[in-house]
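Below: one structure, written as structure tokens.
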Amino acid sequence: MNRKRISLRQELPLLVWLVFVWGALWQNFSAGNLLFGAIIAVLVARIFYLPPVELGGRFNVLRAVPFALSFLGKVVAASFQVLYLAVVRGPSVVSAIVAVPLRSHSDLLVTATGHVISLIPGSLVVEVDRSTSTLYIHGINVRNPEDAAKLRKEVRDTEAGLIRIMGTKDELSALTQEIAA
Amino acid sequence: MNPETVIDAVSAVFMVTGALMSLAAAVGLLRFPDLMSRMHAATKPQVLGLFLLLAALGLQMRTWWVWPVLVVAWLFQLLTVPVSAHMVGRAGYRTKHLHPELLSSDELEAVVQQAAGQQAAKHGVDDDEAGR
């Protein structure tokens, strides 16, 4: 079988995650249990082979924490908004499908942006065009072009936040130039 | 005020709010007009609702080792919810389970029609070649 070799460094985040899940499920973080989990993690990663996720090579924790907090805040705000819409507007709610071209062409960032946007209530990824990295997003309560522009800006801002956390250096410098311009 | 009371009060608030989010999902399912807007109600409020319920559970259990399980449970929810919402939404759009009059704009329609047109044209050529 012709497989691209994955270096241990590239595979390490996956293995650490698997060991953490193992420990969490056993509710036992003793050294022996973690070691056994690590052996199983390596076996699973070898037998059930998947193409490696191409990471950007950097991860900024200082940016990630505020991003996670603002994400939680948005989820709370948007959840109550959807509750309000469900109770008050109901059948007459107006939505729109908005095309949002993203800056990045990396699969990881497009996926992460789509995930974050989908998790915030009120927006849902309907279609992804991988060749142009465009997300088609169904937004609830988008009544006019201004609302659509707001949704588009929100998606682009989310992507910018993710690039600051884990984009490649090129994407980051392109982003700083774009903001400076 | 002792810490026990504070923890109980916080988890009570979390549980009621979490349950309210499940109620929001149910109300949304009944009240929203088409598949896509129902998907918003069916998939999203759980993200917050489950988070609040799991946090309340963690606070009430008073043992540190339940936290990793709760975190893993919530993270798996975060990973799977958008995927299922996307798959249902995508299938719903393609099978036209939506009310176009309730969309203020649809920037996907032209793209899908263009792709369908290209595919039809391609099939037409194939048929011609087969006919020869």
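Those protein sequences? They're chains A and B, same order as listed.
Under my numbering, read the first sequence as residues 1409 to 1589, first letter to last.
Under my numbering, read the second sequence as residues 1347 to 1478, first letter to last.
For every residue, glycine included, the Cβ atom is placed at its ideal position computed from N, Cα and C.
Predicted model only: the values in this text are computed from it and were never measured.
Mapping the DSSP letters down to three states, classify threonine 1566 (chain A) as helix, strand or coil. helix
Serine 1487 (chain A), enclosing alpha helix (DSSP H) - first and last residue: 1469 to 1492
Determine the chain B residues that contact tryptophan 1490 (chain A) at a beta-carbon separation under 7 Å, and present them in chain order. Per the sequence presented here, residue 1490 (chain A) reads as valine, with tryptophan not at that position. Correct list: Ala1370, Gly1374, His1386, Ala1387, Lys1390 and Pro1391.
How is glycine 1395 (chain B) classed by DSSP in three states: helix, strand or coil? helix
Taking the alpha helix (DSSP H) that threonine 1521 (chain A) belongs to, which residues open and close that run? 1515 to 1527
So, is the C-beta of alanine 1402 (chain B) closer than 7 Å to a C-beta in chain A? no
So if DSSP puts histidine 1546 (chain A) in a beta bridge, which residue, or which two residues, is it bridged to? A:Ile1505 and A:Leu1532
Please confirm whether alanine 1365 (chain B) has its beta-carbon closer than 7 Å to some beta-carbon of chain A. no
Helix, strand or coil at serine 1541 (chain A) [DSSP, three-state]: coil
Alpha carbons only, please: which of A:Val1496, A:Tyr1544 and A:Arg1538 is nearest the one belonging to leucine 1532 (chain A)? A:Tyr1544
Just the Cα atoms here: how many angstroms apart are alanine 1419 (chain B) and glycine 1498 (chain A)? 31 Å
Using a Cβ distance threshold of 8 Å, determine whether the stretch 1380 to 1388 of chain B contacts the stretch 1423 to 1441 of chain B, with at least three qualifying pairs required. yes
Delimiting residues of the beta strand (DSSP E) encompassing serine 1451 (chain B): 1449 to 1452
Which of helix, strand or coil does DSSP assign to glutamine 1459 (chain B)? helix
When you compare the CB of leucine 1470 (chain A) with every CB in chain B, is at least one pair closer than 7 Å? no
From valine 1473 (chain A) to leucine 1454 (chain B), what distance separates their C-alpha atoms? 34 Å
Go through its chain and collect everything with a Cβ distance to alanine 1371 (chain B)'s Cβ below 7 Å, but skip five positions before and after it. Ala1387, Ala1388, Pro1391 and Gln1392
Is it the case that the stretch 1477 to 1486 of chain A contacts the stretch 1450 to 1466 of chain A, given that we only count it when at least three CB pairs across the two stretches are under 8 Å? no
I'd like the span of the alpha helix (DSSP H) that includes histidine 1386 (chain B), first residue to last. 1381 to 1389
Can you find at least 3 beta carbon pairs, one from the stretch 1448 to 1468 of chain B and one from the stretch 1393 to 1404 of chain B, that sit closer than 8 Å? no
Flag this pair as yes or no: are the beta carbons of isoleucine 1505 (chain A) and glycine 1530 (chain A) separated by less than 7 Å? no
Could you compute how far the alpha carbon of alanine 1461 (chain B) sits from the alpha carbon of valine 1534 (chain A)? 16 Å
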